[in-house]
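Taking it in order: structure first as structure tokens, then the write-up.
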Amino acid sequence: AAEIHQRTKPRGPPFDVLDISGALGYRVVHVDDLGGPRGAVVGRLIFVDARLTHQCQQLTIAHEIGHTLLDPIPPSPERTTAIEEACDRLAVSLLMPLAVVARALIRGACPLQVLDKFDLSGQPLAAIRVGMVALTIGR
1 AAEIHQRTKP RGPPFDVLDI SGALGYRVVH VDDLGGPRGA VVGRLIFVDA RLTHQCQQLT
61 IAHEIGHTLL DPIPPSPERT TAIEEACDRL AVSLLMPLAV VARALIRGAC PLQVLDKFDL
121 SGQPLAAIRV GMVALTIGR
């Protein structure tokens with residue numbers, strides 16, 4: 001994720017995954033109904049369910065970028081869980097870089113303020129990331 005930030009130089013926080021995906025050469029298409037999944041990727045197109053909240057769309061698009069970078073080969077059933085978890089971790093890392101989260105906490109922001117700063121309030125994966133960083137730095 002840090003390498004992607006260096007390459008794409010997104011402004012933030014909050015970091016807009018549309019800026020990141022565009023800089024990586026992906027086009028995001030909002031679809032009213034994907035028939036089950038929240039997102040999908042086909043070639044350089046990332047499809048996301050338009051009915052999701054903005055925050056959920058951000059994480060979903062970042063997750064789909066993860067699939068293109070971490071596992072371009074279709075996963076086998078045995079590897080699906082590990083791949084999905086890795087894509088979730090990459091998604092949160094793209095939208096909430098460790099150094100930026102840590103800096104906000106060190107400067108005195110409470111975890112809820114950090115979530116608001118990244119425009120990811122109400123997103124469990126984001127809350128877990130802030131909590132893990134807070135524990136790591138002793139806050």
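Counting from 1, position 37 in the sequence shown corresponds to residue 37 in the numbering used here; the numbering is continuous, with no gaps.
The C-beta atom is built at its ideal place from N, Cα and C for all residues, glycine as well.
For Asp-33, the closest C-alpha among the options Arg-51, Thr-68, Leu-24, Lys-9 is that of Arg-51. Taking the Cβ atoms as the reference, Ser-21 lies roughly 6 Å from Val-28, within the contact range of under 8 Å.
In this chain, the alpha helix (DSSP H) harbouring Asp-116 covers 111 to 117.
Its Cα nearest to that of Gly-39, the residue Ile-61 stands out among His-54, Leu-18, Ile-61, Gly-25. Taking a contact as a CB-CB distance under 8 Å, the pair Ile-83 and Leu-24 does not count as one, their CB atoms being some 19 Å apart. If you look at Gly-22, you'll find it in the alpha helix (DSSP H) that goes 17 to 23. Taking a cut-off of 8 Å on C-beta distances, the region 86 to 106 does not touch the region 35 to 49, as fewer than three cross pairs fall below it. As computed with DSSP, Ile-46 is found in a beta bridge with Val-28, Val-41. Shown here, Asp-33 sits in coil according to DSSP, grouped into three states, outside any helix or strand. Rounded to the nearest whole angstrom, the CA to CA distance from Asp-71 to Thr-80 is 10 Å. Met-96 counts as buried, since at least 16 other C-beta atoms from the protein chains shown sit within 10 angstroms of its C-beta. About 11 Å separates the Cβ atoms of His-67 and Val-42, ruling out a contact at the 8 Å cut-off. In the three-state DSSP reduction, Leu-120 falls in the coil class, being neither helix nor strand.
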